Amino acid sequence: MIPDYFGRYGQFGGKYVPETLMAPLEELEKGLQEAIQDEQFSQELLFHLNEFSGRPTALTFAKNITEELNGAKIYLKREDLNHTGAHKINNAIAQALLAKRLGKKKIIAETGAGQHGVAAATVAAKFGLECKVFMGEEDIRRQELNVFRMKLLGAEVVPVDSGSKTLKDATNEAIRYWVQHCEDHFYMIGSVVGPHPYPYMVREFQKIISEEAKGQFLEREGKLPTKVVACVGGGSNAIGMFYHFLQDVVELIGVEAGGKGIHTDNHAATLAKGSKGVIHGSLTYLLQDEYGQITEPYSISAGLDYPGIGPEHAYLHDTNRVKYVNVTDMEALEALSFLSKKEGILPALESSHALAFAFKAAKNMKSNESILVCLSGRGDKDVQTIMNTMEEQGYVR
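The numbering of the sequence shown is my numbering, which starts it at 1 and goes up by one.
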């Protein structure tokens, strides 16, 4: 779907920003439209995706798990095999090329789990750009390894100590900084959130996931999957995974972070428990109190710990094209352990939410049906969090 003139998907999206940001957003929108219509830009992007990132990523049949569950076939789209370990690099490479095209030599980014921060630092190093990454102090604590990786790559990591000290607060601070430095800085947003054209732009740069996955699946099975599943925080891997299946007879499922249960205050289930409002320049669903104040999200996964969701997801939810469910921390950890031990693949905590839903659903499906899961990232970055939590819960023996 292409957003309307105002950058809206139905009633969602738009540009709810200070006047000072309208000019840089219009510059970005014009530059983006020219770039995606320029065959030379597309070819250069494809070259770097193939040679630098390692695309196309594999489609892996989870044979051992399929046999154990004795239901639908489970396939994994392996975005974890990308350079830097997650789908985030697709968008980072593209935005870095766009920044250079617009004459910007300094980029800023925000990050939660650190994967977008690492991707931003990586492309900054590759393309000779200065890089400043805003990150909440709580996420810095949870993602110590990724913080070190960003610094090794030459980026400056700016700690954010406001609010819950997580992704929401890092984004707030990045936007404040951009307002003051938008003349010579390019803001590299990592998800399908923020004011137009960011949700549209990030989706355009992530839709290669479903383009590849659909072709690979058809080649392997000779038909489309029954269900396509992806985790959802802001929603960049999910919108990339869903895009080329939106017009097909395929059930699409986005999995939000249920945290300690959506009956508690400790979750990040924006669509299950949120309401309409404006966050980071866009109208969407978000977690807020009766006075419109944003409430703190919670998830064991730093990458899903965000109180809003991309406006296109809000539209797909309201039009019932995509079904959104939620999975708890413990269910995600059990799925992570199951995949690791049965298939030799350590998934990110974000992706483990999608896996948990897929494993549960597969048991009740027929052997001639199939589930395609977006494995958005690898779990190396989460090992400390996984170890601490599993030891507390008695999972590690």
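We put the CB at the ideal spot given by N, CA and C, even for glycine. In this text the structure is predicted, and so the values were computed from the model without any measurement.
- Judged by their CB atoms, V160 and E173 are nearer to each other than the 8 Å cut-off.
- Inclusion of T122 and I89 in the CB contact set at 8 Å is warranted, their separation being smaller than that value.
- Out of M188, Y285, K381, G222, the CA that lies nearest to the CA of A96 is found in M188.
- Under the criterion of beta carbons closer than 8 Å, R203 and E312 qualify as touching, at roughly 6 Å.
- In its chain, beyond the 5 residues on either side, E369, S370 have a beta carbon closer than 6 Å to the beta carbon of T226.
- Taking a cut-off of 8 Å on C-beta distances, the region 204 to 222 touches the region 52 to 66, as three or more cross pairs fall below it.
- Judged by DSSP in its simplified three-state form, E130 adopts strand.
- Pairing I107 with L129 gives a Cβ-Cβ distance under 8 Å.
- Just measuring C-alpha positions, the residue of G292, D380, K260 sitting nearest I345 is D380.
- Out of T319, F359, K323, the CA that lies nearest to the CA of S337 is found in F359.
- Under the 8 Å Cβ criterion, the region 316 to 334 counts as touching the region 265 to 277, having at least three qualifying pairs.
- Under the three-state reduction of DSSP output, S370 falls in the strand class.
- Annotated as distal: G194 and L304, with beta-carbon spacing of 8 Å or more.
- Taking a 10 Å sphere around the C-beta of L45, we find 16 or more other C-beta atoms and assign the residue as buried.
- In chain order, R321 place their CB closer than 7 Å to the CB of L246, counting only its own chain and leaving out the 5 sequence neighbours on each side.
- For T66, the enclosing alpha helix (DSSP H) has its first and last residue at 63 to 69.
- Just so you know, the alpha carbons of E290 and H196 end up roughly 27 Å apart.
- Relative to the Cα of G274, the nearest Cα in the group G310, L32, Q288 belongs to Q288.
- Of D265, L316, T111, G310, the smallest CA-CA separation from S299 is found for D265.
- Counting other Cβ atoms within 10 Å of its Cβ, R141 stays below 16 and is therefore classed as exposed.
- Cβ neighbours of L98 within its own chain (closer than 7 Å, five residues either side excluded): G31, L32, A35.
- Beta-bridge partners assigned by DSSP to T284: G277.
- Setting aside the 5 residues that flank it on each side, V133 is surrounded in the same chain by I108, A109, E110, T111, G117, A120, A121, M150, A155, E156, V157, V158, each with a C-beta closer than 8 Å to its C-beta; the list follows chain order.
- Remark: C-beta atoms of A23 and D139 do not approach each other more closely than 8 Å.
- The closest CA to that of T385, considering only K341, M330, V249, is found on M330.
- In this structure, F6 sits away from Y315, with a CB-CB distance that is not shorter than 8 Å.
- Around the beta-carbon of G394, fewer than 16 other beta-carbon atoms lie within 10 Å, marking it exposed.
- Within the region 96 to 155, the complete beta strand (DSSP E) runs of at least 3 residues fall at 106 to 111, 130 to 136.
- Excluding five sequence positions before and after G71, the CB atoms of its chain that fall closer than 6 Å to its own CB belong to A362, K363, M365, given in chain order.
- In the three-state DSSP reduction, N266 falls in the coil class, being neither helix nor strand.
- Secondary structure note for K227: its beta strand (DSSP E) is the uninterrupted segment 227 to 231.
- Counting C-beta atoms within 10 angstroms of its own C-beta, E51 has fewer than 16 neighbours from the protein chains shown and is therefore classed as exposed.
- The C-beta distance from I294 to L283 rounds to 14 Å, too long to fall under 8 Å, and the pair is not in contact.
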